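K.L.:
Starting off with a structure, shown below.
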Ligand code: 5GP
């Protein structure tokens, strides 16, 4: 996909941050506030569903083999290997919605975010931070639905992810949930209103 050939009318919002920081709750809050103008891109993953997760709702779940075939068919705008599993952004959904003028939220890791930024340099990049690393560690431990091995992996990755915060235009600290939702709402509102005020995009 070549972004210069794609008429993009919607904005692409990238939301990243370490595991356990609350990205999904925050993204859901934004989608319910801004629907139908803002849509959430459901990723495909080879990780097993956790209790309560449904195929097509949190993720599209598939096997590693199916994921690798989808990579070959170039079905992803980006994909990455995170915590030992594949995760990817379905390309068609992303492009179709942007072309239809809807804004799309990607809740993706820092590797995926860097790849998307290359293809979509106008992406609005938002990093979600925990109040402290200790607080993050206790949140990750509390919600631990994975094995001890995977838990350690997530904590290590969380430290590495935090190193990328300077690559992002906005940083939102998720200490008080309502305050973080309020901050994110302001960021989205500003961009969504700007785009509405602009002329329709041309090729
Ligand atoms: P979880 O397994 O906890 O749902 O997600 C683990 C990590 O994978 C999170 O940081 C999440 O943002 C990231 N992730 C989810 N979907 C994608 C995707 O499509 N691409 C990339 N690169 N990362 C993703």
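Numbering (my numbering), first residue to last: 116 to 318. Even glycine gets a Cβ: it sits at the ideal position worked out from N, Cα and C. A quick note: this is a predicted structure, and the numbers were derived from the prediction, not measured.
#1: Would you say the beta carbon of residue 77 comes nearer than 6 Å to a heavy atom of ligand 1?
#2: Are residue 243 and residue 136 close, meaning C-beta to C-beta below 7 Å?
#3: According to DSSP, is residue 176 part of a helix, a strand, or is it coil?
#4: Does the separation of the CB atoms of residue 142 and residue 155 fall below 7 Å?
#5: Measure the beta-carbon distance from residue 198 to residue 268 and round it to whole angstroms, keeping in mind my assumption that it falls under 8 Å.
#6: Considering just the uninterrupted stretch of the beta strand (DSSP E) at residue 128, what are its terminal residues?
#7: Compute every distance between the C-beta of residue 253 and the non-hydrogen atoms of ligand 1, then say whether any falls below 6 Å.
#8: Assuming residue 299 and residue 287 form a contact by the criterion Cβ under 8 Å, report the distance between their Cβ atoms to the nearest whole angstrom.
#9: Just to confirm the assignment: which complete alpha helix (DSSP H) runs, minimum length 4, are found wholly within the region 222-268?
#10: Could you spell out where the alpha helix (DSSP H) holding residue 169 opens and where it closes?
#11: For residue 297, name the three-state secondary structure that DSSP assigns.
#12: Looking at residue 279 and ligand 3, is the gap between the Cβ and the nearest heavy atom below 6 Å?
#13: How do the region 234-254 and the region 275-285 stand: do at least 3 beta-carbon pairs fall below 8 Å, yes or no?
#14: For residue 200, I'd like the list of residues in its chain whose CB is within less than 7 Å of its CB, leaving aside the five on either flank, ordered along the chain.
#15: In its own chain, which residues sit with a C-beta less than 7 Å from the C-beta of residue 179, not counting the 5 before and 5 after it?
#16: Assuming contact is defined by CB atoms lying nearer than 7 Å, are residue 131 and residue 195 in contact in what I supplied?
#17: So residue 193 is in the beta strand (DSSP E); what residue range does that whole segment cover?
#18: Using a Cβ-Cβ cutoff of less than 6 Å, which residues in the same chain neighbour residue 120 once the five nearest sequence positions on both sides are dropped?
P.N.:
Looking at the atomic coordinates:
#1: Any property of residue 77 remains undetermined from this structure, which presents the chain solely from 116 to 318.
#2: yes
#3: It is a strand residue.
#4: Going by C-beta atoms, residue 142 is nearer than 7 Å to residue 155.
#5: 5 Å
#6: 127-131
#7: no
#8: With 8 Å as the limit, residue 299 and residue 287 qualify as a contact, their Cβ atoms being about 6 Å apart.
#9: 225-234, 248-257
#10: From DSSP, residue 169 is part of no alpha helix (DSSP H); its letter is neither H nor E.
#11: Under the three-state reduction of DSSP output, residue 297 falls in the helix class.
#12: Here the bound small molecules are ligand 1; ligand 3 is not part of this structure.
#13: yes
#14: 160, 161, 162
#15: 161, 201
#16: no
#17: 191-197
#18: Confidence is the limiting factor: at residue 120 the pLDDT is only 47, short of 50, which leaves the residue's position unreliable, though a coordinate-based value still follows. Counting only Cβ-Cβ distances below 6 Å, and skipping sequence neighbours, we find nothing.
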